[in-house]
């Protein structure tokens, strides 16, 4: 058995909704049935066989090759299995994902991991706005799982986040952890304005001190916090490289806030950069 | 059966079902780990009057603990879940939370959850913070030296208490030296504790007494000073008897601890050990029977 590999052969089909392509949905499907699967493409539906070249037969490990920025909702609602994507993807990668893992070699569009409940997403490029954010109409954002972005993240990363762990290797846009309820977001690069605005609980780990223009945070001093080792060990189970980089937070300056919203959140700024 | 000239009685240790949990305590260095776990396992030799039986299972290197600091694994045994919940809360609350730089974690992955930091968090008076990582929730309670980090729950498993063997020697020194050798060997066995002082008990008991209010009393048949006064279990040359009581997470651990303990007690020349026996109540009280000769075969 080899991994089921779908190589996008027709890139001219426009925007594709690939939410149907999850390991659980494809498991047990014969090749003919697989080729007949209807893929929403704009206002049409196209048979999978007309879009992708199919090889391999083990759908528990699904490989998607040659995707582009108009391939949306990859891994939506995924519950189990493994998905490897070569190329970049469009919006809503791993939306409402519950389990399993998705690894992407390139960039992801907006809303990656929005409403995520569990599992692991690794984006080796950058991610757009609303990483780990809210699904339309929801009151809570990401509610579990681990999301790792090697590059940069756009605005409103972790908006209304309730639980889970987000790691951004590069920079993050404005309103990082906006109105966050709980959970953890680590950003090793720089952050734009309004980091932690309206934060009720949760932790922002920042490699560089943000500009506290909102004045909603108060400086509590510099500490060695035992919880950091636990976070490092936890992340090591997903991404050992970033777990190692968390060591820089073993001593951190703690800012508590947002004081206008209960003040039980915290921003930990690495003391050693 | 004889081991190094020591007679092994054809008898068995009678043990009882208990509830147990393993808790991992860490601190900045070994000294403060020791302070915390010594306090936590103090006054915990017997459920008869201490509420629980507790002991240090083993010391843990920094790489073996959840937070990467030196630590120790502690086992606590009680007769019921309810009592275990109470003992864990009191002992962790009064002895670990109070100990500088300490942190506390569950040491078992299986079993029913009972509160560890779940209730202790209220000491934070509203300033406590929760951090859920995967399936585990940790509480961060602000204290005067920083934060006390404590896992929300620990796990309870079915366990066994009251495994034992008796060392019958020519004199007190020989019995004590043999007991010390046994304890050193038994402490290397995972999943067991020997809850009495130094792992050794001299006041072996029997069920009941001649006093209405006393449910247990001295095992007079094994007291050398009563040899002439009662129908003693001891021969004339026995001058001292010491007992090692073993609580374990399973029967295999207790059997292994019993085996290595007896072998160590009988080791050496001129050891002065005459017999190895075990305490039981005729087999009618405890469902677990550890037959000495079967274990040593």
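Residue numbers (our numbering), protein chains in the order written: chain S, -18 to 254; chain A, 9 to 305. The beta carbon of each residue, even a glycine, is placed where N, CA and C say it ideally should be. The structure presented is a predicted model; accordingly, all values stated were derived computationally and were not measured.
Flag residue 154 (chain A) as yes if its beta-carbon sits less than 8 Å from any beta-carbon of chain S, otherwise no. Looking up residue 154 (chain A) in the second chain gives position 146. For residue 154 (chain A), a Cβ of chain S is located within less than 8 Å of the residue's own Cβ.
Thinking just about the alpha-carbon of each residue, which of S:21, S:24, S:65 is nearest to the one in residue 4 (chain S)? Working through the first chain from its first residue, we reach residue 4 (chain S) at position 23. Looking at the Cα atoms, S:65 is the closest of the given residues.
Take every Cβ of the region 159 to 167 of chain S, pair it with every Cβ of the region 140 to 147 of chain S, and state whether three or more of those distances are shorter than 8 Å. The region 159 to 167 of chain S vs the region 140 to 147 of chain S: in contact.
My output table needs one value for residue -1 (chain S): the three-state DSSP class, helix, strand or coil. As a working note, residue -1 (chain S) is residue 18 in the first chain. Note: residue -1 (chain S) maps to coil in three-state DSSP.
When Cβ atoms are compared, which residues of the region 62 to 78 of chain A fall closer than 7 Å to chain S? Of all residues in the region 62 to 78 of chain A, 74, 75, 76 have a Cβ within less than 7 Å of some Cβ in chain S.
Test: residue 249 (chain S) CB closer than 8 Å to a CB of chain A: Position 268 of the first chain, counting from 1, holds the residue named residue 249 (chain S). So no, residue 249 (chain S) is outside the interface.
Where does the unbroken alpha helix (DSSP H) through residue 98 (chain A) begin, and where does it stop? Within the second chain, residue 98 (chain A) is the residue found at index 90, counting from 1. Its alpha helix (DSSP H) spans residues 89 to 99.
Please go through the same chain and pick out, in chain order, the residues whose beta-carbon is closer than 8 Å to the beta-carbon of residue 254 (chain S), but skip the five residues on each side of it. Taking the first chain and counting its residues from 1, one reaches residue 254 (chain S) at position 273. For residue 254 (chain S), the predicted structure reports a pLDDT of 47, less than 50, and the residue's modelled location is therefore unreliable. A value from the coordinates is still provided. The beta carbon of residue 254 (chain S) sits closer than 8 Å to the beta carbons of 188, 189, 229 from its chain, once the five residues preceding and following it are set aside; these are given in chain order.
Please classify residue 48 (chain A): does DSSP put it in a helix, a strand, or coil? One-based indexing of the second chain puts residue 48 (chain A) at position 40. In the three-state reduction of the DSSP assignment, residue 48 (chain A) falls in the helix class, which pools H, G and I.
Output yes if chain A places a C-beta closer than 8 Å to the C-beta of residue -8 (chain S); else output no. If you number the first chain from 1, residue -8 (chain S) lands on position 11. Put simply, the CB of residue -8 (chain S) is far from chain A, with every gap to its CB atoms at 8 Å or more.
Within 10 Å of its beta-carbon, does residue 173 (chain A) have 16 or more other beta-carbons around it, so buried, or fewer, so exposed? If you number the second chain from 1, residue 173 (chain A) lands on position 165. Residue 173 (chain A) should be labelled buried.
Could you please tell me which residues of the region 137 to 153 of chain A, in chain order, have their CB closer than 9 Å to any CB of chain S? Of all residues in the region 137 to 153 of chain A, the ones placed with a Cβ closer than 9 Å to any Cβ belonging to chain S are 137, 138, 139, 140, 141, 142, 144, 146, 148, in chain order.
Please report whether the beta-carbon of residue 157 (chain A) lies at a distance below 8 Å from any beta-carbon of chain S. Counting from one through the second chain, the residue named residue 157 (chain A) turns up at place 149. Taking Cβ atoms only, chain S reaches closer than 8 Å to residue 157 (chain A), which makes this a yes.
Is residue 286 (chain A) helix, strand or coil when you go by DSSP? Residue mapping note: residue 286 (chain A) aligns to position 278 of the second chain, counting from 1. In the three-state DSSP reduction, residue 286 (chain A) falls in the coil class, being neither helix nor strand.
Can you pull out the residues from the region 102 to 124 of chain A whose beta carbon lies closer than 8 Å to at least one beta carbon of chain S? Going along the region 102 to 124 of chain A in chain order, one finds 111 with a Cβ nearer than 8 Å to chain S.
Can you give the Cα-Cα distance for residue 139 (chain S) and residue 170 (chain S), rounded to whole angstroms? By 1-based counting over the first chain, the position of residue 139 (chain S) is 158. By 1-based counting over the first chain, the position of residue 170 (chain S) is 189. Cα atoms of residue 139 (chain S) and residue 170 (chain S): separation of roughly 16 Å, rounded to the nearest angstrom.
Using the three-state DSSP reduction, which class does residue 103 (chain A) fall into: helix, strand or coil? To locate residue 103 (chain A), count along the second chain from 1; it is residue 95. Residue 103 (chain A): helix per DSSP, three-state reduction.
What residues of chain A sit near residue 245 (chain S), judged by a beta carbon separation below 7 Å? The sequence position of residue 245 (chain S) within the first chain is 264, counting from 1. The answer, in chain order, is 137.
By the 10 Å Cβ neighbour count, where 16 or more other Cβ atoms means buried, how is residue 33 (chain S) classified, buried or exposed? Walking along the first chain from the start, residue 33 (chain S) turns up at place 52. Residue 33 (chain S) comes out buried.
Should residue 45 (chain A) and residue 21 (chain A) be called a contact, given that it needs their Cβ atoms to be closer than 8 Å? Counting from 1 along the second chain, the entry for residue 45 (chain A) is found at position 37. Counting from 1 along the second chain, the entry for residue 21 (chain A) is found at position 13. No, Cβ-Cβ distance for residue 45 (chain A) and residue 21 (chain A) is not below 8 Å.
With DSSP as the reference, label residue 41 (chain A) as helix, strand or coil. As a working mapping, residue 41 (chain A) is identified with position 33 in the second chain. Residue 41 (chain A) falls in the helix class under three-state DSSP.
In or out: residue 61 (chain A) buried (at least 16 other Cβ within 10 Å) or exposed? Position 53 of the second chain, counted from the start, is the residue given in the question as residue 61 (chain A). Buried, because 16 or more other Cβ atoms sit within 10 Å of the Cβ of residue 61 (chain A).
Classification of residue 59 (chain A) by the beta-carbon crowding that lies within 10 angstroms, buried from 16 upward: To locate residue 59 (chain A), count along the second chain from 1; it is residue 51. It counts as buried.
Tell me, to the nearest whole angstrom, how far the beta carbon of residue 253 (chain A) is from that of residue 204 (chain A); I am working on the premise that it is less than 8 Å. On the second chain, position 245 is the one that residue 253 (chain A) refers to. On the second chain, position 196 is the one that residue 204 (chain A) refers to. Rounded, the Cβ-Cβ distance is 6 Å, consistent with contact.
Grab the span of the beta strand (DSSP E) containing residue 67 (chain A) for me, first residue to last. Numbered from its first residue, the second chain carries residue 67 (chain A) at position 59. From DSSP, the beta strand (DSSP E) with residue 67 (chain A) extends over 61 to 68.
I need the boundaries of the alpha helix (DSSP H) containing residue 223 (chain S), first residue and last residue. Within the first chain, numbered from 1, the residue matching residue 223 (chain S) stands at position 242. 221 to 226 is the extent of the alpha helix (DSSP H) around residue 223 (chain S).
Closest residue to residue 82 (chain A) among A:113, A:296, A:57, A:148 (Cα-Cα distance): Translated into the one-based positions of the second chain, residue 82 (chain A) becomes position 74. Of A:113, A:296, A:57, A:148, the residue nearest in Cα terms is A:113.
From which residue to which residue does the beta strand (DSSP E) around residue -6 (chain S) run? Working through the first chain from its first residue, we reach residue -6 (chain S) at position 13. Element bounds for residue -6 (chain S): n/a, residue is neither H nor E.
If you follow the alpha helix (DSSP H) that residue 126 (chain A) is in, where does it begin and where does it stop? Indexing the second chain from 1 puts residue 126 (chain A) at position 118. Unbroken alpha helix (DSSP H) run through residue 126 (chain A): 125 to 128.
Can you grab the Cα-Cα spacing for the pair residue 217 (chain S) / residue 129 (chain S), in whole Å? Locating residue 217 (chain S) in the first chain gives position 236, counting from the first residue. Locating residue 129 (chain S) in the first chain gives position 148, counting from the first residue. Note on geometry: alpha-carbon atoms of residue 217 (chain S) and residue 129 (chain S) lie some 12 Å from one another.
Name the chain A residues that come within less than 9 Å of residue 234 (chain S), Cβ to Cβ? As a first step, residue 234 (chain S) is located in the first chain; it is residue number 253 there, counting from the start. Neighbourhood of residue 234 (chain S) in chain A, by CB distance below 9 Å: empty, with the nearest CB roughly 14 Å away.
Quick check on this structure: which residue in S:115, S:94, S:156 has the alpha carbon closest to the alpha carbon of residue 82 (chain S)? Residue mapping note: residue 82 (chain S) aligns to position 101 of the first chain, counting from 1. When only C-alpha atoms are compared, the closest one is S:94.
Is there a Cβ of chain A sitting closer than 8 Å to that of residue 211 (chain S), yes or no? Taking the first chain and counting its residues from 1, the one referred to as residue 211 (chain S) is at position 230. With 8 Å as the cut-off, residue 211 (chain S) counts as an interface residue toward chain A.
Looking at residue 215 (chain S) and residue 142 (chain A), is the spacing between their C-beta atoms short of 8 Å? Stepping through the second chain from its first residue, residue 142 (chain A) is reached at position 134. Stepping through the first chain from its first residue, residue 215 (chain S) is reached at position 234. For residue 142 (chain A) and residue 215 (chain S), yes; Cβs fall inside 8 Å.
For residue 90 (chain S), the nearest candidate out of S:120, S:70, S:-6 (CA to CA): For the purposes of this step, residue 90 (chain S) is taken as residue 109 along the first chain, with counting starting at 1. Minimum Cα distance to residue 90 (chain S) is reached at S:70.
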